[in-house]
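Novice: Take this structure, written in C-alpha cells, and hold onto it; I'll ask about it next.
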Amino acid sequence: MTAPKQPGIAMTISTAFPKPTLISINGVELEVFQAGQKNAGNPIVLCHGWPEHAFSWRHQMSALAAAGFHVIAPNQRGYGNSSCPTEVTAYDLEHLAGDLVALLDHFGYDDATFVGHDWGAMVVWGLTLLHPRRVNRVINLALPYQERGDKPWIEFLEELFGSDHYFVHFNRQPGVADAMLNENTSQFLGNLFRKNVPPTPPEPGMMMINLAKAETPRGEPLMNDDELAVFISAFESTGFTSSINWYRNLDRNWRLLADVNPIIQQPTLMIHGDRDIIPQFERLTEYVPNADVINLDCGHWIQQEQPGQTNQAILNWLTQQDGNQNGG
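Spelled out as C-alpha cells, the structure:
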C-alpha cells in the first residue's frame, strides 16, 4: 500500500467530488469514489486512464448521478491510495479486469455500464472480451478497440514507430522513464495536461521524457492549479512505476486474448477528440458491430476538455439505448 495523500492536498478536491472509500477486493484495496448511491441497481463504472486518477471524472459524476445512475469511479490498482503491487504481472488485463468484476460482486451487481478513457478504455475493451456477461453497455473515450493482429503489440509498435515510442521505451528500458517522471512529477503533469496544443512535428527522443524535461508548456492548461494538485499529490505519493507497469503487460495481454472471441456485441459508444493524436479505427464495426461513434472538438483529455458536451453525448446515448430496450 502507498502512503495516504497529504491532508492539505485532499482539501483541494472540489467539494462536489465525493470522499473515497477503501474497498478490499481481488487481493487488493481500491480507493473508490461514488455518487448517486440512492440509485442502487443502475450502476455505471468510470475507468480512468494514464497518468490519471478517478478525479478525471469530476465533471461526469454528479451529472450521471442526477440522471439516475449509481456512479462508481475507482482509482484502479497502481493509482492514488489504491494498492500498488510490486510485481509487474500484477497489472495484466486478467488482474485489472478481475478488479472490476470483483467490484461488481462487492456491490451485488450482475453487470454494469462501463466507461473508459485512454488506458481505462483498454481495460473496458478487455473486460468486455474476458467477462462479457458482466458488461451491459460500453462507452469508451479516446482509445478505440485494438485489433489483436499476428504480432505481439510491443513488437508491432517497435517496428512501426521505433524504440523511442513510449510504449516500447517503457518495456525495453524499464526504470529509465519512471525515474525521470518521478524527479519531475509536477512539471511533467503540468506539461502533459494541456488543451488546444498546436500541432508540431515529432521531436527526437521519447515523448514522455521530453515532456518531463520541457520548461515551456504548449497550449493552455487543462485545469486550474488546485485540480492539478490532486494529480501531482497522488503521483508524488505512488511514483509512476506502478501505473507504467500497465504498459509492461501489453504483450502478456496479447497472449491472454489469444483464444478469446474478439467480437464485442454490447451496445457501444465511442467518443473521439478530433485533435487527439490517437488515430480512429476505421474498421471498428467489424469487431464492435453495435458501435456508435461521436467526435468532439478537443484533444485527448476529452471529458475534462469538453465536460458539458461529453456529458450530453453520454446521457443522450444512454437514453436512446434505454428507449431501444423498451421498444421505443
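All residue numbers for the sequence shown refer to UniProt numbering, where the first residue is 1 and numbers rise by one. Ideal Cβ placement from N, Cα and C applies to all residues, glycine included.
(1) Consult DSSP for L30 and reduce its assignment to one of helix, strand or coil.
(2) With a floor of 4 residues, list each alpha helix (DSSP H) that falls wholly inside the segment 274–321, ordered by position along the chain.
(3) At which residue ranges does the segment 40–112 contain complete beta strand (DSSP E) runs of 3 or more residues, listed in the order of the chain?
(4) Starting from T241, trace the alpha helix (DSSP H) in both directions and tell me its first and last residue.
(5) Sort N196, A214, H70 and R194 by Cα distance to E203 and report the nearest one.
(6) Thinking just about the alpha-carbon of each residue, which of N316, N311, L256 and F17 is nearest to the one in T89?
(7) Where do the N-terminal and C-terminal ends of the beta strand (DSSP E) with L141 fall, by residue?
(8) Please check if any C-beta of chain B sits within less than 8 angstroms of the C-beta of N316.
(9) Going by DSSP in three states, M122 sits in which element: helix, strand or coil?
(10) What does the Cβ neighbour count give for residue 330, buried or exposed, with the cut at 16 atoms within 10 Å?
(11) Quick check on the burial criterion: 16 or more other C-beta atoms within 10 angstroms. Buried or exposed for residue 350?
(12) In whole angstroms, what separates the C-alpha of F167 from that of M207?
(13) Are there 16 or more other CB atoms within 10 angstroms of the CB of V176, so buried, or fewer, so exposed?
(14) Taking just the CA atoms, how far does A112 sit from residue 349?
(15) So, for T310: in the same chain, excluding its five sequence neighbours on each side, which residues have a beta-carbon less than 8 angstroms away from its beta-carbon?
(16) Going by other Cβ atoms of all chains shown within 10 Å of its Cβ, with 16 needed for buried, is G41 buried or exposed?
(17) Taking one C-beta from the segment 13–33 and one from the segment 68–84 each time, how about it: are there three or more such pairs within less than 8 angstroms?
(18) For the putative contact between P43 and F107, defined by C-beta atoms under 8 angstroms, what is the C-beta separation to the nearest angstrom?
(19) Can you grab the Cα-Cα spacing for the pair T86 / N326, in whole Å?
(20) Between which two residues does the alpha helix (DSSP H) containing I264 stretch?
(21) Would the beta-carbon of L143 fall within 8 angstroms of that of A121?
(22) Hey, how far is the Cα of L103 from the Cα of G126?
(23) Along the alpha helix (DSSP H) that carries L22, what are the first and last residues, could you check?
(24) Here's a check: name, in chain order, each residue in its chain whose Cβ is nearer than 7 angstroms to the Cβ of W50, leaving out the five neighbours to either side.
(25) Which residues does DSSP pair with M270 in a beta bridge?
(26) Give me whichever residues DSSP pairs with N115 in a beta bridge.
(27) Leaving out the 5 sequence neighbours to the left and right, which residues in its chain are closer than 7 angstroms to R218 when beta-carbon positions are compared?
(28) Could you give the DSSP three-state label for residue 381: helix, strand or coil?
(29) Could you spell out the range, first to last residue, of the alpha helix (DSSP H) harbouring R252?
(30) Ignore the nearest five residues each way along the sequence and tell me which others in L211's own chain have a CB closer than 6 angstroms to its CB.
(31) In terms of residues, what are the limits of the alpha helix (DSSP H) holding D179?
(32) So the alpha helix (DSSP H) M223 belongs to, where does it begin and stop?
(33) Run the proximity test for D297: is its beta-carbon closer than 7 angstroms to any non-hydrogen atom belonging to the ligand COA?
(34) Using only CA atoms, which one of E155, G205, S163 and V45 lies nearest to D99?
Specialist: Answer, in terms of the structure:
(1) strand
(2) 284–287 and 302–305
(3) 43–47 and 70–75
(4) T241 to I244
(5) A214
(6) L256
(7) V135 to L141
(8) This model lacks chain B altogether; it includes just one protein chain.
(9) helix
(10) Nothing in the structure corresponds to residue 330, since the chain is present only between 1 and 328.
(11) Past the edges of the chain, shown from 1 to 328, lies residue 350, and the structure says nothing about it.
(12) 10 angstroms
(13) exposed
(14) Residue 349 is absent from the structure shown; the chain starts at 1 and stops at 328.
(15) H59, Q60, L141, I271, L296, I302 and Q303
(16) exposed
(17) yes
(18) 7 angstroms
(19) 47 angstroms
(20) Where I264 is concerned, there is no enclosing alpha helix (DSSP H), given that its DSSP letter is neither H nor E.
(21) yes
(22) 16 angstroms
(23) Note, L22: premise wrong, no alpha helix (DSSP H); beta strand (DSSP E) at P20 to I25.
(24) D118, W119, S243 and W246
(25) N140 and V293
(26) In the sequence as displayed, the identity of residue 115 is Val instead of Asn. Note: V115 sits in a beta bridge opposite L46 and I139.
(27) R194, V197 and P198
(28) Nothing in the structure corresponds to residue 381, since the chain is present only between 1 and 328.
(29) L250 to L256
(30) F188, N191 and L192
(31) Strictly speaking, residue 179 in this sequence is Ala, with Asp absent from that position. Element bounds for A179: V176 to E183.
(32) Where M223 is concerned, there is no enclosing alpha helix (DSSP H), given that its DSSP letter is neither H nor E.
(33) This structure lacks the ligand COA; in fact it carries no ligand of any kind.
(34) V45
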